[in-house]
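Going by the UniProt record's numbering, the sequence shown opens with residue 1, and the numbers climb by one from there.
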Amino acid sequence: MNHLVLTIIAEDQPGLVGRIADCIAGQGGNWLESRMSRMAGQFAGILRVAVPGDDPAPLVDALEGLSGQGIRVLLAPSGSEPQSGWQVIQLRLVGNDRPGIVRDISRVLAEQGVNLESLDTDVLPAPMSSELLFHAEARLAVPPQLSLEQLQARLETLADDLMVELELQPAE
């Protein structure tokens, strides 16, 4: 069975996910996994769908037809999964908000050959002041040749420069 990866964006409204699900099920597709969220009045998501048979065209056409309802869909065939043997690590970061934190952290991760599998960020006021704090949680796939200690040391050097607290631990 073939799989498609979809990116969805539309103005947030009740029933939006139901219309997408109806479209997929109506063409015999199977909704397998998704990550979805509302942000700044928009609804965005990424999902993986199993396509019935060998021809994805009917499902693709139906999904593209959602544009008439204000739902933009970007489609791609599913790719290969990461190599086995990679260690999955959870990263948590908190620090004063400033431009460039994500750029700096992601650059260090890429230089170490680490794959950023998921990233959730937010900017919230500090509990005892009005100062804004940047919060990030990430799921990392670390190649087998890179020890957690090496990654921790490299990230701690950057954390000192950024003045952020950084925590790494094996993912659950």
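Positions of the beta carbon are idealized from the N, C-alpha and C atoms, including for glycine.
For clarity, every value in this text was computed on a predicted model and none was experimentally measured.
Candidates Thr157, Glu167 and Asn96: which alpha carbon is nearest Arg139's?
Glu167
Are the stretch 104-120 and the stretch 50-57 touching by the rule of at least three beta carbon pairs closer than 8 Å?
no
Measuring CB atoms only, is the stretch 11-25 touching the stretch 36-48, in the sense that at least three cross pairs come out at less than 8 Å?
yes
Suppose the cutoff is 8 Å on Cβ atoms and the five residues either side in sequence are ignored; what does the same chain contact list for Asp120 look like?
Ala136, Glu137 and Ala138
In terms of DSSP beta bridges, what is Pro144 paired with?
Beta-bridge pairing links Pro144 to no other residue.
For Arg98, name the three-state secondary structure that DSSP assigns.
coil
Would Leu158 count as contacting chain C if we go by Cβ distances under 8 Å?
Looking at the structure shown, chain C is missing, and only one protein chain is on hand.
In whole angstroms, give me the CA-to-CA distance for Glu33 and Leu66.
20 Å
Helix, strand or coil, according to DSSP, for Ala159 in the structure here?
helix
Does DSSP classify Gln87 as helix, strand or coil?
strand
Excluding five sequence neighbours on each side, which residues of the same chain lie with their C-beta closer than 6 Å to the C-beta of His3?
Arg48, Ala50 and Ser78
So, Asp97 versus Leu162, is the Cβ gap smaller than 8 Å?
With respect to the 8 Å criterion, Asp97 and Leu162 are not classified as neighbours on the basis of their beta carbons.
Could you have a look at Glu172 and say whether DSSP puts it in helix, strand or coil?
coil
So what's Asp61 in DSSP terms, helix, strand or just coil?
The answer is helix: DSSP assigns Asp61 an H, G or I state.
Three-state secondary structure assigned by DSSP to Val164
strand
Please classify Ala171 as buried or exposed, where buried requires at least 16 neighbouring CB atoms within 10 angstroms.
Note on Ala171: under 16 other CB atoms within 10 angstroms of its CB, so exposed under the neighbour-count rule.
State buried or exposed for Val142, treating a residue as buried only when at least 16 other CB atoms are found within 10 Å of its CB.
buried
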